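Asker: Position one of the sequence shown corresponds to residue 114 (this note's numbering), numbered consecutively onward. Built from N, CA and C at the ideal position, the CB exists for glycine as well. Everything numeric in this text was worked out from a predicted model, so none of it was measured.
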Amino acid sequence: MKTLKVSVVTPDGPVYESDVEMVVARAQSGELGVLPGHIPMVAPLQIGGVRMKKDGKTEQVAVNGGFLEVRPDKVTILAQTAEAAEQIDLTRAEEAKKRAEQRLQSKQDDVDYRRAELALQRAINRINVAKRG
Ligand code: ATP
C-alpha cells in the first residue's frame with residue numbers, strides 16, 4: 114500500500130512523524146482526506162483531531178488550528194500547539210474545560226468570551242483525542 118509522510122510541527126518542535134496511508138483533518142472548509150498523490154495545497158485547519166490511518170489502525174493527534182500543507186507524498190501540519198493522544202494529560206484538559214465553562218457563564222466582555230470559547234474547544238478536543246486514542 115502506498116504511504117505518505119506526515120509531520121506535525123509546533124513552535125516548540127516536532128510532535129508527530131510517521132508514514133501513513135491516509136490523513137484526515139478538519140479544515141476550515143470541512144473534513145479533508147489526503148491520500149498519497151494528492152494535489153499540492155494549503156488549507157487552514159479548525160481545532161480538531163487529525164486522524165492518521167495505517168495498517169487498519171487509526172492514530173489521532175489533537176491540533177490547535179494551524180495549517181495543513183500537502184506536497185507530493187508529504188503532509189506537513191503547522192500548529193500553535195499539538196499533542197499525540199498518549200501525550201495528553203486528561204485531568205489537565207478536564208480542568209481547563211471546567212475553567213472555560215465557568216468563564217463562559219460569568220459576565221464578561223466579547224474578547225474574554227471568545228478566548229474562553231477557544232479554550233473550551235481546545236480542552237474538548239484534547240479530551241476526545243485522549244479518550245479515543
Ligand atoms: P491549559 O489551560 O491547561 O494550559 P491551554 O489550552 O490554555 O490549556 P495551550 O496554550 O493550548 O493550553 O498549550 C500550552 C502548552 O501546553 C502546549 O505545549 C500544549 O501542547 C500543552 N498542553 C495544553 N494542555 C495539555 C494537556 N491537557 N495535555 C498535554 N499537554 C497540554
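(1) Among D186, G169, G179 and I240, which residue has its Cα nearest to the Cα of T194?
(2) Which same chain residues, not among the five before or five after V224, have their C-beta less than 8 Å away from its C-beta?
(3) Note down the Cα distance separating M165 from K115, rounded to an integer number of angstroms.
(4) Under 8 Å from any heavy atom of the ligand ATP, does the C-beta of A195 make it?
(5) What number of angstroms, rounded off, separates the C-alpha of E182 from the C-alpha of V137?
(6) Along the chain, where does the beta strand (DSSP E) containing I152 start, and where does it finish?
Answerer: Quick answer:
(1) G179
(2) none
(3) 14 Å
(4) yes
(5) 13 Å
(6) Note, I152: premise wrong, no beta strand (DSSP E); not H, not E.
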